[in-house]
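The structure appears below as structure tokens.
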Amino acid sequence: MLAFLSATGSAAAAAGHPVKWQLGLQDAVTPIARQMHGFHDFLLVIITVIAAFVLALLVYVMLRFNEKSNPKPSKVTHNTPLEVIWTVVPVLILIAIAIPSFRLLFAQYDFPKADLTIKAIGNQWYWSYEYPDHDNLAFDAVMLEDDELKPGQPRLLATDNEVVVPVNKNVHVLVTATDVLHNWTVPSFGVKVDAVPGRLLKTWFRAEKTGVYYGQCSELCGIKHAFMPITVRVVSEQEFAAWLAEAKKKFASTLPVEPDQKSEPQPRKLAQQAQSR
Numbered sequence: 022m023l024a025f026l027s028a029t030g031s032a033a034a035a036a037g038h039p040v041k042w043q044l045g046l047q048d049a050v051t052p053i054a055r056q057m058h059g060f061h062d063f064l065l066v067i068i069t070v071i072a073a074f075v076l077a078l079l080v081y082v083m084l085r086f087n088e089k090s091n092p093k094p095s096k097v098t099h100n101t102p103l104e105v106i107w108t109v110v111p112v113l114i115l116i117a118i119a120i121p122s123f124r125l126l127f128a129q130y131d132f133p134k135a136d137l138t139i140k141a142i143g144n145q146w147y148w149s150y151e152y153p154d155h156d157n158l159a160f161d162a163v164m165l166e167d168d169e170l171k172p173g174q175p176r177l178l179a180t181d182n183e184v185v186v187p188v189n190k191n192v193h194v195l196v197t198a199t200d201v202l203h204n205w206t207v208p209s210f211g212v213k214v215d216a217v218p219g220r221l222l223k224t225w226f227r228a229e230k231t232g233v234y235y236g237q238c239s240e241l242c243g244i245k246h247a248f249m250p251i252t253v254r255v256v257s258e259q260e261f262a263a264w265l266a267e268a269k270k271k272f273a274s275t276l277p278v279e280p281d282q283k284s285e286p287q288p289r290k291l292a293q294q295a296q297s298r
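First residue of the sequence shown? That's 22 in the working numbering, and the numbers climb one at a time after it.
Below, the structure written as structure tokens:
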């Protein structure tokens, strides 16, 4: 049974997305995500010990100080040593939690020099991406419908176009939105940042393992909020260079065109779906 659970957890972690019967968090493939997982495990130990102690204390009080065992109740009003202990110990616990918490927070906002910059733009209900370092390459990424999925592509997570980044490179992501609040989240990268209209927020990651990693919009943004996935493919530098050359041909055009103020911007697929209705 343990072997089965271990295998299930490993398979889920390696998938880059949630799977049935998954145990634990998705595989961490960036330094920040690993630090988050370590902090999570540290907190889990602390809260488990505290919960067990409180439970044991409650059981002791119920058995030791019930009416049958203690017919004449104590009239003690205070206990200075005990009061000092239950004041100092929680303070020490909070300090122990705060130190790694602040270290993690600092690491998230300590941006290394960028090897690649990507701009992620949230729209209802798809993502647009730009590569400003590479001739402003730009494209939309729309969720694949069930009949468009290829073998191995997860339902509700795969997109028609993928964000492609090189492995072991510092990638800065500039995040904004065109309409309402969105949130660009990729659990395996330890990345979660709001997409706010009129504001440009920033995050970063360095993926240390090739593969395909999935995320979703994590901010309620309308009726199709659940159908706004994120797909990031991490490849070698050589594969990235080859993809870049191909993408510049495929998406040649392609700075975003200012939408007509009288019409709502929608990608081709959503427009076709609306017409079919």
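Even for Gly, the Cβ is constructed at its ideal location relative to N, Cα and C.
- Between the region 232-250 and the region 199-210 there are three or more inter-stretch CB-CB distances shorter than 8 Å, so the stretches are counted as touching.
- Annotation: the continuous beta strand (DSSP E) that includes isoleucine 139 extends over 137-144.
- Between leucine 221 and leucine 195, the C-beta gap is smaller than 9 Å, which places the two residues in contact.
- Rounded to whole angstroms, the gap between the alpha carbons of aspartate 215 and proline 39 is 22 Å.
- Between the region 248-266 and the region 176-189 there are three or more C-beta pairs closer than 8 Å, enough to call the two in contact.
- Per DSSP, reduced to three states, the secondary structure at threonine 199 is coil, with no helix or strand assignment.
- Across the set Ser257, Gly143, Lys171, Val217, the C-alpha of Gly143 shows the shortest separation from the C-alpha of histidine 246.
- Relative to the Cα of tryptophan 107, the nearest Cα in the group Val75, Ala141, Ser90 belongs to Val75.
- Secondary structure note for valine 70: its alpha helix (DSSP H) is the uninterrupted segment 52-85.
- Take proline 52, set aside five residues on each side of it, and the residues of its chain with a beta-carbon closer than 7 Å to its own are Arg227, in chain order.
- For alanine 72 against glycine 211, the beta-carbon gap comes to about 26 Å, at or over 8 Å, which does not count as contact.
- Ranked by Cα distance from arginine 254, the options Ala179, Thr199, Lys271 are led by Ala179.
- Boundaries of the alpha helix (DSSP H) harbouring glutamate 104: 101-130, taken from the DSSP string.
- Val256 is the residue among Met249, Gly219, Val256 whose C-alpha sits nearest the C-alpha of glycine 232.
- Threonine 101 counts as exposed, since fewer than 16 other beta carbons sit within 10 angstroms of its beta carbon.
- Bridge partners of asparagine 189 according to DSSP: none are assigned.
- The region 158-167 and the region 78-85 do not touch, with fewer than 3 CB-CB distances between them shorter than 8 Å.
- Leucine 265: member of the alpha helix (DSSP H) spanning 258-271, first to last residue.
- Taking the CA atoms as reference points, alanine 198 sits about 24 Å from lysine 271.
- For glutamate 229, the three-state secondary structure derived from DSSP is coil.
- Three or more beta-carbon pairs separated by less than 8 Å are not found between the region 119-136 and the region 167-176, which leaves the two stretches without contact.
- Comparing alpha-carbon positions, the option among Asp131, Leu103, Phe132, Tyr150 lying closest to isoleucine 139 turns out to be Tyr150.
- By the neighbour-count criterion, in which a residue is buried when 16 or more other Cβ atoms sit within 10 angstroms of its Cβ, threonine 224 is buried.
- One thing to note: serine 209 has its Cβ within 9 Å of the Cβ of glycine 37.
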